[in-house]
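The next block holds one structure in the form of structure tokens; read it before the comments.
In the numbering used here, the protein residues as written are 187 to 910.
Structure below.
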């Protein structure tokens with residue numbers, strides 16, 4: 187841990203209900219033990235506050251008041267507090283989830299961390315920090331030791347409120363400074379009132395260390411480090427890591443501004459700017475707090491690094507510095523209110539979470555007639571009037587196409603007009619689909635199910651199943667009454683409603699809510715029949731001696747109680763309990779192995795990256811040839827058992843992926859890239875009538891801005907909205 191000091195506090199073998207197994211670490215604020223909770227048969231982390239608090243009766247009142255606030259924090263990226271209490275010996279303690287993946291401090295002991303990985307970590311914890319700030323809770327001791335990881339390498343924030351509870355007149359660390367000087371904001375070091383922006387500064391210093399392996403300020407003592415946060419200009423990060431993008435300098439300057447008003451105002455703003463940095467976008471397009479601009483995809487303006495200007499220090503600052511050092515030695519830094527020195531630079535810009543319309547800027551397309559108003563409108567007016575259309579176009583029973591680009595969700599009309607960005611968090615997303623209300627998209631992020639309301643521009647977390655190692659698929663039935671979930675390669679089928687689904691936080695929860703359970707095969711993806719009596723599942727099976735991706739249709743009528751059902755199918759999960767409802771394998775069809783062969787589908791690449799079903803007879807699928815899942819495109823008819831290779835682009839070449847049927851089954855959309863062009867290929871989207879294939883008709887791709895899909899490994903994962 188950072189800047190630790192020894193505590194004389196040595197607890198007994200048992201603290202409260204918790205058996206103490208070993209000591210995990212010590213810090214100035216607490217000692218952490220590995221404990222065991224016999225009531226729930228789980229290991230926990232028991233954090234015991236210093237024994238100095240034993241003899242002050244007022245502290246107990248403050249402890250319980252603040253502990254209730256901290257324990258009320260609920261966020262998927264905050265280490266949950268299970269319990270707080272006082273032991274028989276009078277020791278105040280917290281009980282939290284035991285995180286077995288170590289801390290960020292452990293990872294930093296191995297050296298700097300890549301920009302992409304830093305962005306991933308910050309993207310996960312930033313919303314958690316903002317959530318705490320919205321509840322009026324400031325961490326005040328953010329540091330690498332307080333960012334913990336689970337066994338899946340997912341980060342969590344810990345120790346909320348410890349510093350705040352330990353505050354007031356109590357001197358825990360040998361001075362009046364509460365926090366860790368290496369990561370402390372200037373206002374906190376001066377003893378001023380702090381808000382969430384103090385934590386933003388600390389997060390900036392942590393990012394600096396993650397990207398360089400060194401702290402932004404170093405000193406011989408904690409006191410000297412604290413004073414540098416107040417008086418020294420922000421260092422140029424490129425001097426410590428010249429391999430970073432040039433815009434990293436302006437990003438760090440903004441994150442570590444001395445003036446809180448000039449910093450990023452939220453952790454999510456900081457994370458979004460970091461995303462832009464990690465994805466290669468220049469900081470020139472990132473907007474400031476006082477203005478809103480549209481991101482440009484067609485052009486990028488290279489920003490110049492902002493170098494801090496050196497100013498002549500007046501003699502008063504030299505005297506002030508001497509006074510500060512003297513007061514630090516007396517532990518009186520919190521009483522010193524120094525004016526903040528001028529940095530001589532303009533605040534660097536940042537990104538705010540908004541819906542971003544780029545239709546008018548990037549391509550001559552129609553403006554929307556069904557206006558969707560985001561929380562912050564950032565589309566600037568055009569000088570040339572754009573023609574409008576009288577109504578939303580409807581093709582194949584669909585009026586809107588949602589898809590994923592650069593890990594964010596976009597939406598457009600079926601003709602390519604009204605292109606709109608719905609999310610801006612850069613979190614990897616999958617399994618995108620519309621809810622029956624026609625205004626909400628549901629999707630998977632990690633092991634969480636999330637939604638975004640396209641009319642209100644509101645994102646919500648439905649649930650997170652943290653024990654899930656794999657979260658492969660979710661699929662809502664055509665009626666909207668059922669949902670199938672594949673977690674850890676097991677299939678759960680349960681009644682669908684968002685409020686009920688919010689209660690599902692574990693495998694057992696899913697089984698209790700469900701009407702059917704299946705674990706005989708490793709289910710990777712699935713689709714429903716139109717009458718909801720059949721499910722088509724993509725799973726890992728065996729063909730010959732090779733494990734391959736297969737698609738199987740299964741009769742759902744064999745979902746029966748295990749204890750009373752006469753199993754007439756091929757297998758039933760042996761591990762099921764008596765009251766489980768099992769999906770017995772009444773297989774209707776299985777392909778392609780026994781039915782047809784696909785180019786690119788072989789022992790080397792036995793994968794079917796994507797498939798779709800019209801709910802009746804026709805399947806669309808592609809093999810694996812290049813760029814993480816683009817391959818040869820096929821259709822298969824389960825009635826005639828005939829397959830056919832498709833080439834809607836008319837180039838007689840590969841490659842396609844992510845084909846999706848239109849709501850009425852007459853059309854389909856698919857992404858295409860020409861393998862003959864190699865790295866110069868571009869991704870084109872085709873939306874066309876299935877019945878015209880093979881007639882010689884020439885198809886035109888959906889018009890999109892030039893270079894819109896810059897990543898040839900893009901997985902659009904289309905979702906077509908049924909028109910009302």
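All residues carry an ideal CB built from backbone N, CA and C; glycine is no exception.
On the DSSP letters alone, give me the boundaries of the alpha helix (DSSP H) that residue i sits inside.
{"i": "residue 697", "result": "693-699"}
{"i": "residue 436", "result": "434-441"}
{"i": "residue 372", "result": "372-375"}
{"i": "residue 690", "result": "Counting along the chain, residue 690 falls outside any alpha helix (DSSP H), and DSSP gives it neither H nor E."}
{"i": "residue 460", "result": "453-464"}
{"i": "residue 291", "result": "290-294"}
{"i": "residue 258", "result": "Residue 258 -> no alpha helix (DSSP H), and no H or E assigned at all."}
{"i": "residue 423", "result": "423-426"}
Quick one: what does DSSP say residue i is sitting in, helix, strand or coil?
{"i": "residue 816", "result": "strand"}
{"i": "residue 822", "result": "strand"}
{"i": "residue 415", "result": "helix"}
{"i": "residue 712", "result": "strand"}
{"i": "residue 866", "result": "helix"}
{"i": "residue 894", "result": "coil"}
{"i": "residue 875", "result": "strand"}
{"i": "residue 397", "result": "helix"}
{"i": "residue 585", "result": "strand"}
{"i": "residue 906", "result": "strand"}
{"i": "residue 888", "result": "coil"}
{"i": "residue 362", "result": "Here residue 362 scores only 41 on pLDDT, less than 50, and its place in the model should not be relied on; the value that follows carries that caveat. Three-state DSSP puts residue 362 in coil, outside helix and strand."}
Can you give me the Cβ contacts of residue i inside the same chain, cut-off strictly under 8 Å, excluding the 5 residues immediately before and after it?
{"i": "residue 682", "result": "662, 663, 666, 667, 668 and 669"}
{"i": "residue 786", "result": "809, 810, 811, 817, 818 and 840"}
Are the beta-carbon atoms belonging to residue i and residue j less than 8 Å from one another?
{"i": "residue 265", "j": "residue 384", "result": "no"}
{"i": "residue 859", "j": "residue 910", "result": "no"}
{"i": "residue 330", "j": "residue 392", "result": "yes"}
{"i": "residue 304", "j": "residue 442", "result": "no"}
{"i": "residue 709", "j": "residue 672", "result": "yes"}
{"i": "residue 269", "j": "residue 256", "result": "no"}
{"i": "residue 635", "j": "residue 720", "result": "no"}
{"i": "residue 699", "j": "residue 686", "result": "yes"}
{"i": "residue 887", "j": "residue 863", "result": "no"}
{"i": "residue 328", "j": "residue 259", "result": "no"}
{"i": "residue 724", "j": "residue 711", "result": "yes"}
{"i": "residue 845", "j": "residue 898", "result": "no"}
{"i": "residue 599", "j": "residue 578", "result": "yes"}
{"i": "residue 654", "j": "residue 637", "result": "no"}
Relative to the C-alpha of residue i, which residue among the options is closest?
{"i": "residue 657", "options": "614, 409 and 685", "result": "614"}
{"i": "residue 649", "options": "690, 599 and 447", "result": "690"}
{"i": "residue 781", "options": "741, 825 and 790", "result": "825"}
{"i": "residue 882", "options": "832, 893 and 400", "result": "832"}
{"i": "residue 210", "options": "221, 900 and 450", "result": "221"}
{"i": "residue 377", "options": "386, 326 and 410", "result": "326"}
{"i": "residue 273", "options": "466, 260, 807 and 232", "result": "232"}
{"i": "residue 415", "options": "290, 777, 366 and 461", "result": "366"}
{"i": "residue 895", "options": "583, 596, 455 and 202", "result": "596"}
{"i": "residue 408", "options": "428, 373, 369 and 446", "result": "369"}
{"i": "residue 791", "options": "733, 842, 804 and 776", "result": "733"}
{"i": "residue 230", "options": "236, 212, 237 and 207", "result": "207"}
{"i": "residue 855", "options": "426, 798 and 320", "result": "798"}
{"i": "residue 458", "options": "623, 444, 853 and 437", "result": "437"}
{"i": "residue 605", "options": "585, 777, 617 and 410", "result": "585"}
Assuming residue i is part of the beta strand (DSSP E), what are its boundary residues?
{"i": "residue 679", "result": "676-681"}
{"i": "residue 311", "result": "Where residue 311 is concerned, there is no enclosing beta strand (DSSP E), although the alpha helix (DSSP H) it sits in stretches over 301-320."}
{"i": "residue 325", "result": "Taken as a continuous stretch (DSSP letters only), residue 325 belongs to no beta strand (DSSP E), as it is neither H nor E."}
{"i": "residue 656", "result": "It is not in any beta strand (DSSP E) - residue 656 carries neither H nor E in the DSSP assignment."}
{"i": "residue 219", "result": "217-223"}
{"i": "residue 646", "result": "644-650"}
{"i": "residue 267", "result": "267-272"}
{"i": "residue 616", "result": "616-620"}
{"i": "residue 777", "result": "773-777"}
{"i": "residue 854", "result": "853-858"}
Residues in the same chain with beta-carbon distance under 7 Å from residue i, minus the five sequence neighbours each way, listed in chain order, please.
{"i": "residue 800", "result": "847 and 851"}
{"i": "residue 675", "result": "656, 658, 708 and 709"}
{"i": "residue 452", "result": "316"}
{"i": "residue 602", "result": "551, 888, 889 and 890"}
Please work out which residues of its chain come closer than 6 Å, Cβ to Cβ, to residue i, disregarding the five sequence neighbours upstream and downstream, and give them in chain order.
{"i": "residue 919", "result": "Missing from the structure shown is residue 919; the chain here goes from 187 to 910 and no further."}
{"i": "residue 402", "result": "391, 394 and 421"}
{"i": "residue 332", "result": "344 and 345"}
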